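Undergrad: In the working numbering, the protein residues as written are -19 to 454.
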Amino acid sequence: MIYPIIMAGGSGSRLWPLSRELYPKQFLKLSDDVSMLQQTFSRLSGFEHKSPMVICNDEHRFIAAEQIRTGGFSHSGIILEPVGRNTAPAIALAAFQALKEEVDADPVLLVLAADHFIEDISAFAGAIETGETFARDDQLVTFGIVPESPETGYGYIKRGQPQGEDSLGFKVDSFVEKPSLDVAKSYVESGDYYWNSGLFMFKASLYLKELKQHSPEIYEACERSLANAQSDLDFIRINQAAFEACPSDSIDYAVMEKTTKATVVPMKAGWSDVGSWGALWEVSSKDHNQNAIKGDVVAVCSKRNYLHSENKLIATVGVNDLIIVETKDAILVADKSQVQDVKAVVNHLKSEGRTEHKFHREVYRPWGKYDSVDYGVRDHVKRITVNPGEKLSIQMHHHRAEHWVVVSGTAKVTNGEKTMLVSEDQSTYIPLGTVHALENPGKIPLEMIEVQTGSYLGEDDIVRFEDKYGRLAK
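#1: Let me make sure I understand the geometry here. Which of Gly(-11), Val305, His96 has the alpha-carbon closest to that of Phe42?
#2: To the nearest angstrom, how far is the alpha carbon of Glu128 from that of Val361?
#3: How is Ile374 classed by DSSP in three states: helix, strand or coil?
#4: What residue does the beta strand (DSSP E) around Arg116 start on, and which one ends it?
#5: Should Val393 go down as buried or exposed, given a rule of 16 or more other Cβ atoms within 10 Å for buried?
#6: Could you please give the first and the last residue of the uninterrupted alpha helix (DSSP H) stretch that includes Met16?
#7: Nearest by alpha-carbon distance to Lys349: which of Val366, Tyr355, Ser25 is it?
#8: What separation, rounded to the nearest whole angstrom, lies between the Cα atoms of Gln119 and Asn300?
#9: What did DSSP end up calling Val277 once you bin it into helix, strand or coil?
#10: Out of Asp214, Ser388, Thr399, Gly149, point me to the one whose CA is closest to Ile35's CA.
#11: Are there three or more Cβ pairs, one per stretch, closer than 8 Å when the region 164 to 178 is compared with the region 229 to 249?
#12: Please tell me whether His340 and Tyr3 are closer than 7 Å, where the distance is taken between their beta carbons.
#13: Pull up the DSSP beta-bridge partners for Asp405, would you.
#14: Helix, strand or coil, according to DSSP, for Ile442 in the structure here?
#15: Could you tell me whether the region 124 to 143 touches the region 155 to 167, where touching means 3 or more Cβ pairs closer than 8 Å?
#16: Can you list, in chain order, the residues of its chain whose CB lies under 6 Å from that of Val277, leaving out five sequence neighbours each side?
#17: How far does the alpha helix (DSSP H) with Lys323 in it reach, from first residue to last?
#18: Residues in its own chain within less than 8 Å of Glu109 by CB, not counting five upstream and five downstream?
#19: Does the region 198 to 216 come close enough to the region 239 to 258 to have 3 or more Cβ pairs within less than 8 Å?
#20: Residues in the same chain with beta-carbon distance under 7 Å from Phe123, minus the five sequence neighbours each way, listed in chain order, please.
#21: Do Arg217 and Leu60 have their beta-carbon atoms positioned less than 7 Å apart in this structure?
#22: Is Met247 near the ligand PLP - that is, is its Cβ less than 6 Å away from at least one heavy atom of it?
#23: Going by CA-CA distance only, name the one from Gln220, Ile125, Ala85 that's closest to Pro62.
#24: Taking C-beta to C-beta, are Val280 and Val297 nearer than 7 Å?
#25: Within the same chain, show all residues whose beta-carbon is closer than 6 Å to that of Asp212, passing over the 5 residues directly before and after it, in chain order.
#26: For the alpha helix (DSSP H) that contains Val263, what are its first and last residues?
#27: Could you tell me which whole alpha helix (DSSP H) segments of length 4 or greater appear in the region 195 to 230?
#28: Between which two residues does the alpha helix (DSSP H) containing Asp162 stretch?
#29: From the DSSP output, which residues share a beta bridge with Met181?
#30: Of all the beta strand (DSSP E) runs that stay within the bounds of the region 0 to 77, which reach a length of 3 or more residues?
#31: What are the boundary residues of the beta strand (DSSP E) that Gln141 is part of?
#32: Let me make sure I understand the geometry here. Which of Tyr409, Thr390, Gly389, Glu404 has the alpha-carbon closest to that of Lys398?
#33: Between the Cα of His55 and the Cα atoms of Met(-13), Gly171, Trp261, which residue gives the shortest distance?
#34: Between which two residues does the beta strand (DSSP E) containing Asp447 stretch?
#35: Would you identify the three-state DSSP class for Leu412, choosing helix, strand or coil?
#36: Using 7 Å as the threshold, is the C-beta distance between Trp384 and Glu430 below it?
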């Protein structure tokens, strides 16, 4: 049975302002009412498989776990990367863990990215079935997307001789970097090249054997990283120091370009890595003027735009080929032909010491979320939502006091030596330096307004004494 490995790491900037470092693309609802991570789980329904293993950044662990839970999916564990080290080490961690679990004598891993779009699920399942045949025959399988156009934003795979009589797979002749437009046109016309999808399939032991041969430093660092791994709730925590010492490299460079066992299986399933706003426009539903619209939008005499509103009305008149994206704290307006330069905006925000590249105004936490409604020099107003049955850490602050007003639901409040229930339209005051906690004992979400006042209002002014989510300072 196939063992899916879902790689949900990374914090790309190409879909800013929707995508942020602490809420990247794989967790966004872009083309549907579910996130890209949830779509990745859903498309596995076309074939038999074990519960997937997920790999993600430590900072994204609660978002990933909550989206898996609310989507109704099961998983075999979530491996947390303390730092990003690219795809070769991430897959090595999964391979070591899969063999450690002894799920099979030698499980066949299906490596998937959590932030890809695939339209034809049946064709996807068919390609996976073909890939499994080659994987069980000791091949390192990569899936090549049959190109629909001469794309310059993708790497390519050149196929070699057919594998078997049916020509359902081919030896990999070479991997090719992103080409110029003229070269890309020649690739498509030849019929010998595929887009590099970044999807793979192989036996866990074979991948580790080839990794050890061609990139032994990565193999050894990942083996050390998992040697004393610890389980924490849904999560598998690896040795941070060992993994930080691991070289950073992609599976293409570390293994696939060096091995003699690489096989490419063609896939024609409406695939996109949704790597830019233009790519998202391509895969989105459109109106009669070819506008892709999401949210509260009025488009007059406007064509071929991507228009995304989260909170405010967007109205356009006589504009074409634009990307307009509105969030609570940022608005992007870009020419659709220049969306590759959105990363320059993110780099500018970083250089200016701003925070809009890192997190949204609305921030998700394991217990719920908060929205920073207003921010002054000595005051900060938040709208807080605590999910039923959840509890914030027992904590205190050195530099701020807090005023809490319950809007709906019931709060169980620890305020120093007192514990009390605070109902709708009631409030309480947490003095500076007082140990306190907030809990939702009810069956409906707790909604409340928090007003912070003090000389320093940063999120790092939190001293935790107890925390059910493993966030105590070590």
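For each residue, glycine too, the CB sits at the ideal point set by N, CA and C. The structure presented is a predicted model; accordingly, all values stated were derived computationally and were not measured.
TA: Taking the coordinates as given:
#1: As a working mapping, residue 42 is identified with position 62 in the sequence shown. Cα-wise, what sits closest to Phe42 is Gly(-11).
#2: As a position in the sequence shown, residue 128 is number 148, starting the count at 1. As a position in the sequence shown, residue 361 is number 381, starting the count at 1. Cα to Cα, Glu128 sits roughly 50 Å from Val361.
#3: Sequence index remark: in the sequence shown, residue 374 carries index 394 (1-based). Ile374: strand per DSSP, three-state reduction.
#4: Numbered from its first residue, the sequence shown carries residue 116 at position 136. Per DSSP, Arg116 belongs to no beta strand (DSSP E); it is in the alpha helix (DSSP H), 101 to 116.
#5: Walking along the sequence shown from the start, residue 393 turns up at place 413. So Val393 ends up on the buried side.
#6: For the purposes of this step, residue 16 is taken as the residue at position 36 of the sequence shown. Its alpha helix (DSSP H) spans residues 16 to 22.
#7: The residue you call residue 349 lines up with position 369 of the sequence shown. When each option's Cα is compared against that of Lys349, the closest is Val366.
#8: Within the sequence shown, numbered from 1, the residue matching residue 119 stands at position 139. Within the sequence shown, numbered from 1, the residue matching residue 300 stands at position 320. Roughly 48 Å separates the two Cα atoms.
#9: Start at 1 with the first residue of the sequence shown, and residue 277 comes out as number 297. If DSSP states are grouped into helix, strand and coil, Val277 belongs with the strands.
#10: Position 55 of the sequence shown, counting from 1, holds the residue named residue 35. Closest option to Ile35, Cα to Cα, is Asp214.
#11: yes
#12: The sequence position of residue 340 within the sequence shown is 360, counting from 1. The sequence position of residue 3 within the sequence shown is 23, counting from 1. Yes, they are a contact pair.
#13: Translated into positions along the sequence shown, residue 405 becomes position 425. According to DSSP, Asp405 bridges with nothing at all.
#14: As a working mapping, residue 442 is identified with position 462 in the sequence shown. Ile442: coil per DSSP, three-state reduction.
#15: yes
#16: Along the sequence shown, read from residue 1 onward, the residue named residue 277 stands at position 297. For Val277, where only same-chain residues beyond five positions count, the Cβ hits under 6 Å are Leu287, Ser289, Ile294.
#17: Translated into positions along the sequence shown, residue 323 becomes position 343. Per DSSP, Lys323 belongs to the alpha helix (DSSP H) from 322 to 331.
#18: Counted from its first residue, the sequence shown places residue 109 at position 129. Cβ within range, chain order: Phe27.
#19: no
#20: For the purposes of this step, residue 123 is taken as residue 143 along the sequence shown, with counting starting at 1. Cβ neighbours of Phe123 beyond the five flanking positions: Ala107, Gly111, Ser177, Leu179, Val245, Met247.
#21: In the sequence shown, the residue the question calls residue 60 occupies position 80. In the sequence shown, the residue the question calls residue 217 occupies position 237. Yes, Cβ-Cβ distance for Leu60 and Arg217 is below 7 Å.
#22: You won't find the ligand PLP in this model; it holds no ligand whatsoever.
#23: One-based indexing of the sequence shown puts residue 62 at position 82. Nearest C-alpha to Pro62: Gln220.
#24: For the purposes of this step, residue 280 is taken as residue 300 along the sequence shown, with counting starting at 1. For the purposes of this step, residue 297 is taken as residue 317 along the sequence shown, with counting starting at 1. Contact flag set, yes.
#25: To locate residue 212, count along the sequence shown from 1; it is residue 232. Result list for Asp212: Gly450, in chain order.
#26: In the sequence shown, residue 263 corresponds to position 283, counting from 1. Run containing Val263: 257 to 263, per the alpha helix (DSSP H) assignment.
#27: 196 to 207, 220 to 224
#28: For the purposes of this step, residue 162 is taken as the residue at position 182 of the sequence shown. Taken as a continuous stretch (DSSP letters only), the alpha helix (DSSP H) holding Asp162 covers 161 to 170.
#29: If you number the sequence shown from 1, residue 181 lands on position 201. In the DSSP output, where bridge partners are listed per residue, Met181 has Leu90, Val121.
#30: 33 to 37, 57 to 61
#31: Locating residue 141 in the sequence shown gives position 161, where the first residue counts as 1. 136 to 142 is the span of the beta strand (DSSP E), which, as asked, contains Gln141.
#32: Taking the sequence shown and counting its residues from 1, the one referred to as residue 398 is at position 418. For the residues Tyr409, Thr390, Gly389, Glu404, the minimum Cα distance to Lys398 belongs to Tyr409.
#33: One-based indexing of the sequence shown puts residue 55 at position 75. Per the Cα distances, Met(-13).
#34: Start at 1 with the first residue of the sequence shown, and residue 447 comes out as number 467. Segment: none, Asp447 is in no beta strand (DSSP E) and carries neither H nor E.
#35: In the sequence shown, the residue the question calls residue 412 occupies position 432. If DSSP states are grouped into helix, strand and coil, Leu412 belongs with coil.
#36: By one-based count along the sequence shown, residue 384 stands at place 404. By one-based count along the sequence shown, residue 430 stands at place 450. Yes; because the gap between Cβ atoms is below 7 Å, this pair is in contact.
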